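> The structure's right below; bear with me while I get my questions together.
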Amino acid sequence: MAAVDALVIGSGVSGLTSAVCLTEAGLRVTVRTADPPSHTTSAVAGALWLPYLVEPLDRVTGWGRTTVADLSSLAGEPATGVRLATGVHASRTTGQPPPWTETVGAVRCPPADLPAGFVAGWRFTAPLVEMPVYLRYLTDRLRAAGARIDQRPVASLDEALAAAPLVVNCAGIGARELVPDPAVRPVRGQVVVVENPGIEEFFAEEPGTATELRYVLPHRDTVVLGGTAEPEQPDLTPQPEVARRIVARCTEVVPALAGAWVVAHRVGLRPVRNQVRLDEERRPGGRIIHNYGHGGGGVTLSWGCAREVAARAGSGQLRP
Ligand SMILES: Cc1cc2nc3c(=O)[nH]c(=O)nc-3n(C[C@H](O)[C@H](O)[C@H](O)COP(=O)(O)OP(=O)(O)OC[C@H]3O[C@@H](n4cnc5c(N)ncnc54)[C@H](O)[C@@H]3O)c2cc1C
C-alpha cells in the first residue's frame with residue numbers, strides 16, 4: 437500500500453491550499469515542488485481578491501465567492517498575512533461594473549472620489565494578502581496537519597502516480613511542460629515593493645487589455661505597486677525603466693507614495709489559460725486532478741478551487 441494518499445505538485449497558493457484541504461480531510465499528503473513557496477509566482481502577487489485574466493465566468497464566480505469567505509475568516513489572525521482592506525477599483529474608459537462587483541458588494545463611487553481622468557469607480561472591501569507571510573502560514577498549517585513538503589521537481593505525471601494513487605497537479609506555468617499543455621501561456625508581471633508611508637486603502641485601475649497596469653496594494657509595512665501584464669514574455673529579471681514607470685503611475689493617483697523607499701522588485705509569470713483547468717484524468721497508475729491555469733487570479737480562486745479538489749478526491753468524480 438502507498439504510504440501517501442495524495443501527491444500534490446506545486447507549492448504556490450494553488451498547491452498549498454489544495455494540500456491543506458486534502459490533509460485536513462484526513463488524507464496523507466506529500467507536496468512535491470521544484471521551487472520553495474517563496475520562489476513561486478504566488479510569492480510575487482500583490483495580492484488583492486480580484487478576478488483577472490481568468491475564465492470561465494460562472495466557475496470563477498463560484499470559486500471566488502468561496503475564497504472571499506475563507507480568506508475573510510483568516511483576516512483576524514495577523515500571522516496569516518490576510519486583512520480585509522477597503523479601496524477603489526476605477527476605470528478611465530467604461531461606466532459598466534465589472535462582473536465581480538456583486539460578490540464583494542461593491543458600490544459605485546461618487547465622481548468626486550475618483551482621481552483625475554477616471555470616469556467610474558467601485559468602492560469595496562475585500563481580502564488583501566501579504567503573500568510571503570501567507571505562504572509561510574499555509575506551509576506551517578500544512579506541516580502541523582502532518583503533510584510533508586519535498587523540494588524536488590517531478591519529471592512526469594506518471595512518475596508522480598508511482599508515488600501516490602492520487603496526483604493533484606498545481607504546477608502553474610510549469611504545467612506547460614509537465615502535462616504538456618501549450619494552452620498555458622506566461623503573462624509577465626513586474627511589481628515594485630516600497631515602504632508603507634501610512635497608506636491604508638488600495639487603488640486599482642481597470643486593466644482591460646493594457647500591458648502597463650496601475651495598482652497600489654498596502655500591507656502592514658510595505659505597499660506593492662503594480663504593474664505589468666506582458667504576454668509571452670518569460671524574462672524574470674526586473675527592468676529598471678519598467679519599475680520607474682510603475683512608481684510614477686502609482687504616485688500620480690496616490691501622491692503619498694512620493695519618495696517612498698523601494699525595498700524590492702519582483703517579477704512573476706501568470707499562468708494564463710483560456711479556462712482554468714480543474715478536471716480529472718484517469719491513467720493506469722491512478723487519478724490526476726488538474727488545478728492550474730489561474731492567470732492573474734490564483735489567490736482570488738485558491739480556496740474555491742482547493743475545496744473542489746478535495747470534494748473530487750473524496751467522491752472520485754470524473755466529469756469536469
Ligand atoms: C505581478 C503579479 C501580481 C499578481 N497579483 C494577483 C492578485 O492581486 N490577486 C490574485 O488573485 N492573483 C494575482 N496574481 C496571480 C497569481 O499570482 C497566480 O495566479 C498564482 O500565483 C498561481 O498560483 P499557482 O499555485 O497555480 O502557481 P505558482 O505559484 O506558479 O506555483 C507553481 C508551483 O508548481 C511548481 N512546479 C512547476 N513545475 C513543477 C514540476 N515539474 N515538478 C514539481 N513542481 C513543479 C513550482 O515550483 C511552484 O511551486 C499575480 C501574479 C503576478 C505575477
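745 is the number that my numbering gives to position 309 of the sequence shown; each next residue is one higher, with no gaps.
No residue lacks a Cβ here, since even glycine has one placed at the ideal position from N, Cα and C.
These figures come from a predicted structure and were not determined experimentally.
Can you name the residues that DSSP bridges to N710?
Per DSSP, none; premise fails for N710.
> Which residues in the same chain have their Cβ closer than 6 Å to the Cβ of V590, if we skip the five residues on either side of it in sequence?
Here the set comprises I445, R468, A596.
> Under 6 Å Cβ to Cβ from Q753, same chain only, skipping five residues before and after it: list those, please.
For Q753, the predicted model reports a pLDDT of 44, less than 50, meaning its position is unreliable; a value from the coordinates is still stated below. Excluding sequence neighbours, Q753 sits near nothing in its chain.
> Output yes if chain C places a C-beta closer than 8 Å to the C-beta of P551; else output no.
You won't find chain C in this structure, because it holds only one protein chain.
> Could you check what DSSP says for A505 in three-state terms: helix, strand or coil?
In the three-state DSSP reduction, A505 falls in the helix class (H, G or I).
> Out of E636, E631, W558, which has the shortest C-alpha to C-alpha gap to P533?
W558
> Ordered along the chain, which non-local residues of its own chain (more than five positions away) have a Cβ less than 8 Å from that of L493?
P535
> Thinking F554 and V540 are a contact (beta carbons under 8 Å), I'd like their distance in whole angstroms, please.
Taking 8 Å as the upper bound for CB-CB distance, F554 and V540 are not in contact here, some 19 Å apart.
> Assign W499 to one of two classes, buried (16 or more other C-beta atoms within 10 Å of its C-beta) or exposed (fewer than that).
buried
> Considering only C-alpha positions, which residue in the set C545, S751, H726 is nearest to G451?
The shortest C-alpha separation from G451 is found at H726.
> Do V518 and P764 have their beta-carbon atoms positioned less than 8 Å apart in this structure?
With the chain covering 437 to 756 only, the question about residue 764 has no answer from this structure.
> Regarding Y728 and ligand 1, is the C-beta to nearest heavy atom distance less than 7 Å?
yes
> I think R628 touches V698, with their Cβ atoms under 8 Å apart; what is that distance to the nearest whole Å?
Per the sequence shown, residue 628 should be read as Val rather than Arg. Confirmed, Cβ separation roughly 6 Å.
> DSSP state of R464, grouped into three classes?
The three-state secondary structure of R464, taken from DSSP, is coil.
> With distance defined between alpha-carbon atoms, name the residue in D506, L705, L458 nearest to A581.
Nearest of D506, L705, L458 to A581, Cα basis: L458.
> Please classify G740 as buried or exposed, where buried requires at least 16 neighbouring CB atoms within 10 angstroms.
buried
> Where do the ends of the alpha helix (DSSP H) carrying G750 lie?
734-751
> Would you mind working out which of V678, R501, S474 sits nearest Y757, comparing C-alpha positions?
The question about residue 757 has no answer here: the residues shown for the chain are numbered 437 through 756.
> Using three-state DSSP, classify D586 as helix, strand or coil.
strand
> Measure the C-alpha to C-alpha separation of E641 and R577 and round it to an integer number of angstroms.
Rounded to the nearest whole angstrom, the CA to CA distance from E641 to R577 is 34 Å.
> Can you tell me whether DSSP reads V444 as helix, strand or coil?
It is a strand residue.
> Rounded to whole angstroms, what is the Cα-Cα separation between A679 and R719?
46 Å
> Considering only residues of the stretch 563-636, which uninterrupted beta strand (DSSP E) runs meet the minimum length of 3 residues and lie entirely inside it, listed in chain order?
List check, beta strand (DSSP E) in window: 584-586, 602-605, 621-631.
> Just checking, does the stretch 500-520 make contact with the stretch 602-610 on the three C-beta pairs under 8 Å criterion?
No: the two stretches stay apart, fewer than three of their Cβ pairs being nearer than 8 Å.
> Consult DSSP for H475 and reduce its assignment to one of helix, strand or coil.
helix
> I'd like the list of long-range same chain contacts for P472, defined as Cβ closer than 8 Å, with 5 residues on each side in sequence excluded.
So the qualifying residues of the chain are S447, Q587.
> Can you find a heavy atom of ligand 1 that lies under 7 Å from the Cβ of R681?
no
> Starting from V660, follow the beta strand (DSSP E) in both directions and report where the run begins and ends.
658-664
> Taking the beta strand (DSSP E) that T522 falls in, what are its first and last residues?
Taken as a continuous stretch (DSSP letters only), the beta strand (DSSP E) holding T522 covers 518-527.
> Verify the contact flag: G740, CB atom, against every heavy atom of ligand 1, threshold strictly below 7 Å.
For ligand 1, not one heavy atom lies less than 7 Å from the Cβ of G740.
> Output yes or no for whether 8 Å exceeds the beta carbon distance between G731 and R706.
yes
> Beta-carbon within less than 6 Å of A746's beta-carbon, same chain only, minus the 5 sequence neighbours each way: which residues are those?
C457, L458, A461
> Taking only heavy atoms of ligand 1 into account, decide whether any of them is closer than 7 Å to the Cβ of S508.
no
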